[in-house]
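FYI, the numbering for the sequence shown is 635 to 965, going by this note's numbering. Here a beta-carbon is modelled for each residue, glycine too, at the ideal position from N, C-alpha and C.
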Amino acid sequence: MSVKPRSPLVLALIGRFWSIAFLALSLLSLEIWSQMMLERTFVFSSYNIQAILVLASIPLILAVGQTFVIISGGIDLSTGYVMGLASVAAAQVLRYAGTEMPAFPALLLAAIAAVAVGAMAGRINGFIVATLGVPPFIGTLGMFGIARGVAYLFAGGGSTVAARNPILEFVGNGVFLGVRVQIFVAVIVVVVAYYLLRHLKFGQYVYAIGANRGAADRAGIDTKRNIALIYTLSGVCAGLAAILYLARFSAGAPQAGEPLLLDSIAMVVIGGASLFGGSGTIVGTLIGALIIATIQFGLVVINVEPFWQFIAVGLIIIVAVLIDQARGKFL
635 MSVKPRSPLV LALIGRFWSI AFLALSLLSL EIWSQMMLER TFVFSSYNIQ
685 AILVLASIPL ILAVGQTFVI ISGGIDLSTG YVMGLASVAA AQVLRYAGTE
735 MPAFPALLLA AIAAVAVGAM AGRINGFIVA TLGVPPFIGT LGMFGIARGV
785 AYLFAGGGST VAARNPILEF VGNGVFLGVR VQIFVAVIVV VVAYYLLRHL
835 KFGQYVYAIG ANRGAADRAG IDTKRNIALI YTLSGVCAGL AAILYLARFS
885 AGAPQAGEPL LLDSIAMVVI GGASLFGGSG TIVGTLIGAL IIATIQFGLV
935 VINVEPFWQF IAVGLIIIVA VLIDQARGKF L
């Protein structure tokens, strides 16, 4: 009598819950270290938890847009420099509008500029990928270079464009009900994205396109239009992240999102999305963001050189991809 192997079930459980277990293990390790070395709590410190959430907020917004792209079977390599371009555009608008308009209208105009720039870049990405048939890796890599160059042109060749606005500074560094305001902004973006992906037909189309684009075409889904919308949404998220960056640092910078590109992809993959498309969730991306932010902040707390952050994130990405491949092979 043959016994049915349990490895598929084990792999399914690992694939579904490993990121949550890893996050819990990371927090537990930091708690033990803090109790032993500093004689105080880490996990139950509101300062530490808010620091992690603040550290995660900007890359999480980028990762939200990246989630839609990766689920659809693509990838957006331009999102970091699109964010930088949008931050510079918003800063320039704020500099000039701030001298002629009250604080709120000037901020609103700058926010519209950032989102519009991000949406335009994303729409161009969508056209290149969906209509021209260029592979996403190549198409968005081209936009990476274009956005980078245009951002530096808008910045006059400098590294930053300073812009001050009292309302924007409150969004970036203020506190409401004991919680940093930018955390509320990130939560709103996550909730809206969750609704789009789980409760609208658009979300179903994203999964269908990622699982099998040919079958989606035969089912009557306008794949070109929806792919264009997916990349546009990624650009909008880059614009929103740019506003939060400008709010936090009172300056736009062409290179603002450069170090966040790897983090945004890592958050999605660690959260359970497949790089082959067809799977992934916003909740998973949120967990991935918390894992990376916890590792980054935790290494700073225990006084480890920051270069180890890149090594740690890279290793976690490899583990996540290996788990995904194992699930695809045996399930």
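Here's the rule I'm using: 16 or more other beta-carbon atoms within 10 Å means buried, otherwise exposed. How should residue i be labelled?
i	result
Asp-856	exposed
Tyr-977	No answer is possible for residue 977: the residues shown for the chain start at 635 and end at 965.
Lys-638	No answer about Lys-638 holds up, because its pLDDT of 48 lies below 50 and its placement is not dependable.
Met-635	Legend: pLDDT at Met-635 = 43, less than 50; position of this residue unreliable, value from coordinates given subsequently. Met-635 comes out exposed.
Asn-937	exposed
Leu-894	buried
Val-795	buried
Phe-941	exposed
Phe-656	buried
Tyr-865	buried
Phe-810	exposed
Gly-914	buried
Ser-706	buried
Gly-869	buried
Leu-742	exposed
Ser-898	buried
Mapping DSSP to helix, strand and coil, what is residue i?
i	result
Gly-886	strand
Val-637	Low per-residue confidence applies at Val-637: pLDDT is 46, beneath 50, and the placement is therefore not dependable, though the value from the model is reported in the following sentence. DSSP places Val-637 in coil when its eight states are reduced to three.
Val-947	helix
Val-805	helix
Phe-1006	What the structure shows of the chain is the stretch from 635 to 965, and residue 1006 is not part of that stretch, so it cannot be assessed.
Arg-757	helix
Val-819	helix
Val-813	strand
Val-749	helix
Ala-781	helix
Val-768	coil
Ala-842	helix
Ala-872	helix
Val-624	In the structure as shown, the chain begins at 635 and stops at 965. Residue 624 is therefore absent and cannot be evaluated.
Pro-693	helix
Met-735	coil
Ala-789	coil
Asp-710	coil
Pro-893	coil
Thr-857	helix
Phe-910	coil
Glu-939	coil
Which residues in the same chain as residue i place their Cβ atom closer than 6 Å to its Cβ, once the five residues preceding and following it in sequence are excluded?
i	result
Gly-708	Pro-770
Ile-945	none
Val-677	Leu-661 and Glu-665
Ala-797	Ala-725, Leu-728 and Arg-729
Gly-932	Leu-664
Ala-764	Lys-858, Ile-861 and Ala-862
Tyr-839	Ile-855 and Asn-860
Val-815	Val-805 and Gly-808
Leu-775	Leu-711
Asn-682	Phe-676
Gly-752	Val-716, Ala-720, Gly-869, Val-870, Ala-872 and Gly-873
Report the rounded CA-to-CA distance for residue i versus residue j, giving the unit in angstroms.
i	j	result
Ile-952	Ala-723	36 Å
Val-727	Gly-844	38 Å
Cys-871	Ile-695	6 Å
Arg-757	Gln-889	21 Å
Tyr-786	Leu-956	38 Å
Gly-873	Met-670	43 Å
Lys-858	Ala-849	13 Å
Thr-675	Ile-925	19 Å
Gly-912	Val-947	23 Å
Trp-652	Leu-949	15 Å
Thr-919	Thr-928	14 Å
Ala-876	Asn-846	33 Å
Ala-745	Ser-680	30 Å
Asp-710	Gly-812	35 Å
Asn-759	Gly-791	25 Å
Ile-772	Leu-896	16 Å
Val-749	Gly-891	15 Å
Leu-766	Val-784	23 Å
Ala-740	Ala-887	19 Å
Tyr-841	Val-903	15 Å
Ile-704	Ala-954	14 Å
Phe-761	Phe-778	15 Å
Cutting at 8 Å between CB atoms, please list the residues of its own chain near residue i, excluding the five before and the five after it.
i	result
Ala-781	Ser-712, Tyr-715, Val-716, Gly-718, Leu-719 and Ala-755
Phe-738	Ile-801
Ile-817	Gln-684, Leu-687, Val-688 and Ser-691
Apart from the five residues just before and just after residue i, which ones in its own chain have a Cβ nearer than 7 Å to its Cβ?
i	result
Gln-930	Leu-689 and Gln-943
Gly-837	Leu-830 and Leu-831
Ala-923	Ala-690, Pro-693, Leu-694, Ala-697 and Met-901
Ile-916	Val-698, Thr-701, Val-824, Ala-827, Tyr-828 and Leu-831
### Message
Quick check: the stretch 796-813 against the stretch 877-885, are at least 3 beta-carbon pairs closer than 8 Å?
### Response
yes
### Query
So, do the stretch 898-912 and the stretch 818-829 have three or more beta carbon pairs nearer to each other than 8 Å?
In short, these stretches do not touch, since the Cβ pair count stays below three.
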